[in-house]
Amino acid sequence: QSSLDDNYAVFGIVTEGIDILRSIASVNTTTKNMMQNWPVEDVIINSIRIRI
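In terms of the numbering used here, the sequence shown opens at residue 26 and continues consecutively.
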């Protein structure tokens with residue numbers, strides 16, 4: 026169950042770094058404060074580039 030109220034949409038395309046995305050998506054997770062899929066260890070993104 027999402028904490029958002031169904032008024033949000035997230036979309037985009039990965040043009041570089043799909044290997045990094047897959048690495049982030051595969052981290053071990055747990056449940057924390059009733060939130061599922063919480064990373065066991067922090068995931069830190071040092072830089073990102075967004076093109077509009």
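Where is the CB? At the ideal position from N, CA and C, for every residue including glycine. Keep in mind the model is a prediction, meaning the values are calculated, not measured.
Can you tell me the Cβ-Cβ gap for residue i and residue j, rounded? I've got them flagged as a contact below 8 Å.
i: THR54; j: VAL65; result: 6 Å
Between the options, which has its C-alpha nearest residue i's C-alpha?
i: ASN73; options: GLU41, SER51 and VAL52; result: Residue 73 is actually Ile in this sequence, not Asn. Nearest C-alpha to ILE73: GLU41.
i: SER48; options: ILE70, ILE38 and ARG76; result: ILE70
i: VAL52; options: MET59, TRP63 and ASN32; result: TRP63
i: ILE75; options: ASN32, GLY37 and TYR33; result: GLY37
Are the Cβ atoms of residue i and residue j separated by less than 8 Å?
i: VAL39; j: LEU46; result: yes
Taking only runs that begin and end inside the segment 36-67, name each unbroken beta strand (DSSP E) of 3 or more residues, in chain order. 54-57 and 60-64
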